[in-house]
Amino acid sequence: MATTQTQRSTAARRRSAAARRRSAAARRAAATRQENQRTPVEQVQYAAERAGLIPVGAALTATDRVAGTVAELARVYGTPETAQKRVERDLRRFERQGTTARNRAERRIKRTRTRVERELRQRRTRARRVVKRNGTRLQREVKAVSRDLEKQRRAAQKRAQEVVNNRVTTPV
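With this note's numbering, letter number 154 in the sequence shown gets 158, and the count goes up by one each step, no holes.
As structure tokens, this is what we get:
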């Protein structure tokens with residue numbers, strides 16, 4: 005029996021929803037027909053009327069919202085005692101939120117600073133290693149070139165000595 009009742013209520017909801025959809029579609033169709041039947045003069049009148057009514061409606065909506073806000077504030081801050089308690093509670097809450105935001109920002113800044121310092125240290129260490137490695141390599145190359153030049157100097161000196169000795173021993 006419960007199943008039958010559930011099925012009936014579900015079917016009723018579906019019929020009701022379908023009727024609402026048909027009704028909305030019928031309203032839209034009627035509005036379209038009415039708009040199409042207007043003369044150009046009536047269309048201009050309608051546009052002018054809308055141009056005047058829209059700001060009035062917006063002002064009334066704003067007035068309702070302000071009145072609602074004032075009513076809410078009057079409810080919240082009804083008596084001086086409740087207003088005092090509410091203001092103190094709100095101030096403490098704002099202070100806590102401010103403290104939390106400040107602490108979060110300080111932690112984020114500290115993390116960023118630590119990360120930047122670590123990256124700089126790593127870059128400095130890598131640069132020092134590269135400079136040291138290149139300096140060592142340069143010293144090695146300078147010594148090798150120096151040795152090679154010394155060998156060539158000695159060989160040239162030896163050849164020069166031999167040339168001098170050959171001239172001396174050979175009569176001219």
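Using N, Cα and C, we set each Cβ at its ideal position, and we do this for glycine too.
Between the C-alpha atoms of residue i and residue j, what's the straight-line distance to the nearest angstrom?
i: Arg18; j: Arg25; result: 11 Å
i: Arg101; j: Arg111; result: Strictly speaking, residue 101 in this sequence is Gln, with Arg absent from that position. Answer to the nearest angstrom: the Cα atoms are 15 Å apart.
i: Ile58; j: Ala16; result: 39 Å
i: Thr2; j: Ala35; result: Because the chain is modelled from 5 through 176, residue 2 falls outside the range shown and cannot be assessed.
i: Arg12; j: Arg37; result: 37 Å
i: Ala158; j: Arg128; result: Note on identity: in this sequence residue 158 is Arg, with Ala being the wrong assignment. So the alpha carbons of these two residues sit roughly 44 Å apart.
i: Gln143; j: Val149; result: 10 Å
i: Ala87; j: Thr73; result: 16 Å
i: Phe167; j: Asp152; result: Per the sequence presented here, residue 167 reads as Val, with Phe not at that position. Rounded to the nearest angstrom, the two C-alpha atoms are 22 Å apart.
i: Ala55; j: Ala63; result: 13 Å
i: Thr140; j: Glu154; result: 21 Å
i: Arg79; j: Gly61; result: 27 Å
i: Ala131; j: Arg171; result: 59 Å
i: Arg115; j: Ala28; result: 59 Å
i: Gln47; j: Arg97; result: 56 Å
In terms of residue numbering, what span does the alpha helix (DSSP H) encompassing residue i cover?
i: Tyr50; result: Pro44 to Val80
Starting from the Cα of residue i, find the closest Cα among the options and give me that residue.
i: Asp94; options: Arg106, Ala105 and Tyr81; result: Tyr81
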